[in-house]
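Beneath this line is the structure, given in structure tokens, with notes to follow.
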Amino acid sequence: MLAAKNRLGLVLFPAFDWAISPSHPEREERLLYTQDQIFEEGIMDIENIKFYNPEVALKKDVQRVHFCVPDVDQRVTKSHLISAGGAIKAAHTVMDREVDKAFALIRPPGHHAQRVVYGDRGFCIINVEAVMLENLRAKYGPFRAAIVDTDCHHGDGTQDVYWNDRDTLFISFHQDGRTLYPGTGFLDEFGGPGALGYNINIPLPPGTGDEGFLYVLDNLVLPILSEYKPDLVVNSAGQDNHYTDPLTNMNFTAHGYAELNHRLSPDIAVLEGGYSIEGALPYVNLGIILAMAGLDYSHVREPDYDLQKLRQPQKISDYIKELCENIYSRWKQKDALTHELLKGKDYITRQRQVYYDTDSIMEYQTQKFKVCLKCSGVNTIKSHTDRGMPIFAVTIPGDACPSCIDEGYKIYKDTDIQKYYKIYLQDRTNDTYLTKGARNLTY
Amino acid sequence: MIVGLDMGGTHVDAVLIHQGEIIEATKSPTDRSNLLESVWGTLKSLLSGQDPSQIERIILSTTISTNAIIEHKTDSVGMIIECGPGLPNDFLCCGRENIFISGYIDHRGREISPIDPQEIEQAVKTFKHKNIPAVAVTGKFSVRNSGHEIRINEMLKDEFFPITLGHTLSGKLNFPRRVFTSYYNSAVYTTFLKFSKSIYKALQREKICAPIYVLKADGGTMSLKAGEQYPVNTILSGPAASVMGGQAFLKASQDAVFLDIGGTTTDISFLADGVPLFEPLGIKIEGLPTLVRALYSVSIGVGGDSRVRVKNQSLVIGPERQGPPKALGGLCPTPTDAMIALGLIDLGDKHKAISAMKEIGGPLKLDPVAAAKKVLDTMADMIKDKVEKLLNEINSHPVYTVKELLYGKKINPKFIQVIGGPAKAIAPMLSKKFGMPCRYPEVYEAANAVGAALARTTAEITMFADTAQKTLSVPEMGLYEKVSQGYTLEESKMRALDLIKRQSMLFGAKEGEIRAEIIEENSFNMVRGFYTSGKNIRIRAQTKPGLIYRLRSDENVSS
Ligand SMILES: [Zn+2]
Ligand SMILES: [Zn+2]
Ligand SMILES: [Zn+2]
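Quick mapping for you: the protein sequence lines, in order, are chains A and B.
Its first residue numbered 1, the first sequence is counted upward by one per residue in the numbering used here.
Its first residue numbered 444, the second sequence is counted upward by one per residue in the numbering used here.
Quick look at the structure:
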């Protein structure tokens, strides 16, 4: 039988009994044909490839990342905990050296889920990769990670979670926010005061094909990664850049995805979006599996693959080249930019509006970060939605200095419960999560 | 009267069962150079003096096909393989000649690109040139649309014999296994056919006209006629015979561990609610995975005659056997010597057994009794460790729904069943180690032959309905028909139950004894654009393996 060069762990959990609604893109059928393809190709019989069932993520796994309103139990379903648990299981097999690499083919996705969770946005409720990564840090100790998001949509949730964390480099490939949901992901979104420059957005023009994606990888992403030197690389492996995807306008192919994974060589890949369930997913997933396993993926091809039609126009190639130069020079200047921006400031605040498209909720946030020289700085979120439910959340980061820890607890204690539906304390240093609220208040 | 025969590597066992009791049993050595004579000779001596008209049925569990493979006496096979895009294909080369053709069916069974008749003509020339008589044709996703395999068959059927078409062997998705399974089916085809023809001839000569069956690896039977078509399913029926035989002597309706402790190995199987567990996809034959449905059975190298020695101050049992126990004139101490020394078995020379235990006890500073106990203790530990490891694997088999993940059935054995020579002697120790009762039959003989004799006919089908394309197919039955757009899961299940009965009867089942059941059902809404375009329905149905009845026998329980 065939033997894989890399030992690969696979969590294949199509959740055949879960859907957002019967005709929603996130429905039972989504991974049906992917499973058919994986079964028919005989992937389970390949030596060195091992299948695992998901774990069920715990409430605490979610609390490390999110402020769920009103709470984890009411906001997060078992299916979401299993999806995150699938990523966690995959990552554990890598960390425990049972395998060299792992791929979690799970649903629902998570990269649009931000720190505060009032509902479902972009088919996501909890951020699967972030819940996974923070579980790993709690279990195995701190390390540097890079998340490379190859979903066609901007990974705005992951950006928000790691906005102020320089130990997690976030790089998102996506179709330009001026042309696609969620409408963010521009060059000037490059991190909070504690991690300025460590959030890298690569907004690509509609029509970008294999050539463009691989150009960005080779000329921008790989050089940055080799400078950043992460201990762990995660591919947030959305598959909606595919030329057949119904929601987007890109021209990436299954072979391109495989090639990208071969060159990026992530330790862990986690499926995100991708809704061309028949024309793309079976082939893209197969390509990624083979590439991660170190097997030959040159025969992976879509039924309607047509090289001529998918060729990238020169105009796009030129645009991408310039874009990459621009982004790379910003990366190189990040220390100077940080100095410039933080000069004489004790706090940095940012106002945001977050739209929950799946649940049609509009959220209004103020994030406030302390500029601290000893750590990434205690920070708070004050938020409410168009339906009310004001909350206040305090985060003490994992690397917090003693004075930031004290300040965090003091803010939590001093915040008046009469003014908020709920108040949260996320103490990442001690892995402790507290809430308080006036139960008699209704909104 | 029912006749059951089991051919093993060393012996052929045969039994005659009448009204739940063994009335006659024969044992003779296996003559590897003439397997047919081994079968026929044993049957003849079993039936001498019996009235042939009283025989209701005859069931054979043979190593005819297995042996042909192990001894490389199979026919050379020309493989025609339609890969489509996906994995590299060189690892699929299993035939004498392997021709990879163009053409491609997708996961929904749609033809993406047609076959090229010139390539087939070229394959015919190549096979002819190399004097290859047998052919197997397999395509990726051919179980979703068998059109290409059938068309190729049309082009080959006057030139080659046999021809195996991949989709007819199993409806399960796994292309490499389908390739290897169809290869083996063609490779052993004429060997099995010769065997079956001579059996028919011999029976005719003896004026026996009872229906004749063969045992399959899944613990069920099929008629010898059906076996001629699908001889691959008769490969490795031995472990199945043993599990089914165990069930004839012992009662079980709960989860249990089944152990068959032999001379050199212990075979481990499991029962779920009293029904033997299957391999998830099929057995491996000579290292190649197949779709041959089989009972789950794992062998470990520890048995009554395993060599026992002391290495670095600790006791090592097996995995090799070096002749018989010392008590029976062998050279090495064995677990059987330990049992004889402890008086648990009355066999051979007890003094020699005790001196064997002295030899073991010496370096461990144990007296012979303590050494003998230590041997049995270690043996039970080895079995227990393996059982626990296997259970862990089985209970973490992949699942695909939230419901299964949270509430799916886990095998949780309530007792142990054990058969084999050392069963009685080791039962108390196993019971203590596992912390559960250990059941073994009071008398048991020729368990494998009994298992064959009493096994029911089994069959399995896979149904795939696509109401958007208005098609329904059951590849194992060569069924491909139109259905309405409104075809429902309920209708499909009714149809599947009806078809599995028909398939079982084709395999030789009697109408009254068929226990048909749906083992998997799924129906997916297919949505294209904003509209539901149809339903994608998948069903698997089977007739459960089981016995037509149990023997009237006593069982003992150690707890
Ligand atoms: Zn992205
Ligand atoms: Zn997306
Ligand atoms: Zn600080």
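Glycine included, each C-beta is placed from N, C-alpha and C at the ideal position.
On a predicted model such as this, the values are computed, not experimentally measured, just so you know.
Hey, which residues come within less than 5 Å of ligand 3, measuring from Cβ to any heavy atom, in chain order?
Cβ atoms closer than 5 Å to ligand 3 belong to A:C372, A:K374, A:C375, A:C401, A:C404.
What's the gap between the Cα of Y118 of chain A and the Cα of I423 of chain A?
Taking the straight line joining both Cα atoms gives about 14 Å.
Cβ of D149 of chain A versus every heavy atom of ligand 2: is any distance shorter than 7 Å?
Because no heavy atom of ligand 2 lies under 7 Å away, the Cβ of D149 of chain A does not count as near it: no.
Within the 8 Å Cβ cut-off, does H299 of chain A reach chain B?
Yes - at least one Cβ of chain B is within 8 Å of the one on H299 of chain A.
Do we get a CB-CB distance below 8 Å when we pair N541 of chain B with the residues of chain A?
No, because no Cβ of chain A sits closer than 8 Å to the Cβ of N541 of chain B.
Compute the distance between the beta-carbons of L720 of chain B and A699 of chain B, then report whether it is under 8 Å.
Their beta carbons are not under 8 Å apart, which means L720 of chain B does not touch A699 of chain B by this criterion.
What is the rounded straight-line gap between the Cα of V128 of chain A and the Cα of T914 of chain B?
Going by the C-alpha atoms only, they are around 39 Å apart.
Out of B:S613, B:G773, B:T633, B:E564, which has the shortest C-alpha to C-alpha gap to I602 of chain B?
In the sequence on display, residue 602 of chain B carries Glu and not Ile. Nearest C-alpha to E602 of chain B: B:E564.
Please find out if some non-hydrogen atom of ligand 2 comes closer than 7 Å to the beta-carbon of E26 of chain A.
No - ligand 2 has no heavy atom lying nearer than 7 Å to the Cβ of E26 of chain A.
Of the residues A:E322, A:L310, A:L260, A:L425, which one's Cα is nearest the Cα of D149 of chain A?
It is A:L260 whose Cα lies nearest to the Cα of D149 of chain A.
Examine ligand 2 and report whether any of its heavy atoms sits within less than 7 Å of the Cβ of G185 of chain A.
The answer is no for G185 of chain A.
Assuming the contact rule is C-beta atoms closer than 8 Å, M687 of chain B and L459 of chain B should be a hit. Round their C-beta distance to whole Å, please.
With 8 Å as the limit, M687 of chain B and L459 of chain B do not qualify as a contact, their Cβ atoms being about 17 Å apart.
Taking all protein chains shown into account, do 16 or more other C-beta atoms lie within 10 angstroms of the C-beta of E998 of chain B, making it buried, or fewer, making it exposed?
With fewer than 16 Cβ atoms within 10 Å of its Cβ, E998 of chain B is classed as exposed.
Strictly under 8 Å for the Cβ-Cβ distance: is Q329 of chain A near chain B by that measure?
Position check: residue 329 of chain A holds Ser in this sequence, whereas Gln was assumed. Judged by the 8 Å Cβ criterion, S329 of chain A is not in contact with chain B.
Can you pull the chain C residues whose beta carbon is under 7 Å from the beta carbon of F721 of chain B, in chain order?
No chain C is part of this structure, whose protein chains are labelled A and B.
Residues in its own chain within less than 6 Å of F190 of chain A by CB, not counting five upstream and five downstream?
Here the set comprises G197, N199.
Contact criterion: CB-CB distance below 8 Å. Does P458 of chain A meet it with respect to chain B?
As shown, chain A starts at 1 and ends at 443. That puts residue 458 of chain A outside it, with no answer to give.
With a threshold of 16 other CB atoms inside 10 Å of the CB of Y643 of chain B, please say whether the residue is buried or exposed.
Its Cβ having fewer than 16 others within 10 Å, Y643 of chain B is exposed.
Residues of chain A with CB closer than 8 Å to the CB of M969 of chain B, please, in chain order.
Here the neighbours are E29.
From B:R475, B:N477, B:D456, pick the residue whose C-alpha is nearest to that of E467 of chain B; which is it?
Checked all of B:R475, B:N477, B:D456; the closest Cα to E467 of chain B is B:D456.
Does the stretch 844 to 855 of chain B come within contact of the stretch 967 to 976 of chain B, defined as at least 3 CB pairs closer than 8 Å?
No contact exists between the stretch 844 to 855 of chain B and the stretch 967 to 976 of chain B.
Measure how close the beta-carbons of D245 of chain A and S276 of chain A come, nearest whole angstrom, since I'm counting them as under 8 Å.
With 8 Å as the limit, D245 of chain A and S276 of chain A qualify as a contact, their Cβ atoms being about 5 Å apart.
At the level of alpha carbons, what is the spacing between Y433 of chain A and D165 of chain A?
Between Y433 of chain A and D165 of chain A, the C-alpha separation is close to 19 Å.
Threshold first: 3 residues or longer. Then list the beta strand (DSSP E) segments lying entirely within the stretch 600 to 681 of chain B, N to C.
Segments of the beta strand (DSSP E) lying fully in the stretch 600 to 681 of chain B: 606 to 608, 655 to 658, 664 to 666.
Listing by chain order, which chain B residues have their CB less than 7 Å from the CB of F51 of chain A?
Chain B residues near F51 of chain A: P841.
With DSSP collapsed to three states, give me the class of V56 of chain A.
V56 of chain A: coil per DSSP, three-state reduction.
By how many angstroms is the C-alpha of M665 of chain B removed from the C-alpha of S947 of chain B?
So the two alpha carbons sit approximately 8 Å from each other.
According to DSSP, what are the bridge partners of S172 of chain A?
Beta-bridge pairing links S172 of chain A to A:D149, A:N201.
Please classify V886 of chain B as buried or exposed, where buried requires at least 16 neighbouring CB atoms within 10 angstroms.
Per the 10 Å Cβ criterion, exposed.
Taking just the CA atoms, how far does Y52 of chain A sit from G402 of chain A?
Note that residue 402 of chain A is Pro in the sequence shown, not Gly. The alpha-carbon atoms of P402 of chain A and Y52 of chain A are separated by roughly 41 Å.
What does a CB cutoff of less than 7 Å around E98 of chain A pick up in its chain, not counting 5 residues either side in sequence?
Here the set comprises G9.
List, in order along the chain, the chain A residues whose C-beta lies closer than 9 Å to that of R620 of chain B?
By Cβ distance, chain A contributes G42, D45.
Taking three-plus beta-carbon pairs below 8 Å as touching, is the stretch 518 to 538 of chain B in contact with the stretch 572 to 588 of chain B?
The stretch 518 to 538 of chain B vs the stretch 572 to 588 of chain B: in contact.
As a quick exercise: from A:I396, A:I327, A:P397, A:G437, pick the residue whose alpha carbon is nearest that of D416 of chain A.
Closest option to D416 of chain A, Cα to Cα, is A:G437.
Taking all protein chains shown into account, do 16 or more other C-beta atoms lie within 10 angstroms of the C-beta of E554 of chain B, making it buried, or fewer, making it exposed?
Exposed is the call here.
Is P108 of chain A helix, strand or coil when you go by DSSP?
Reduced to three states, the DSSP call for P108 of chain A is coil.
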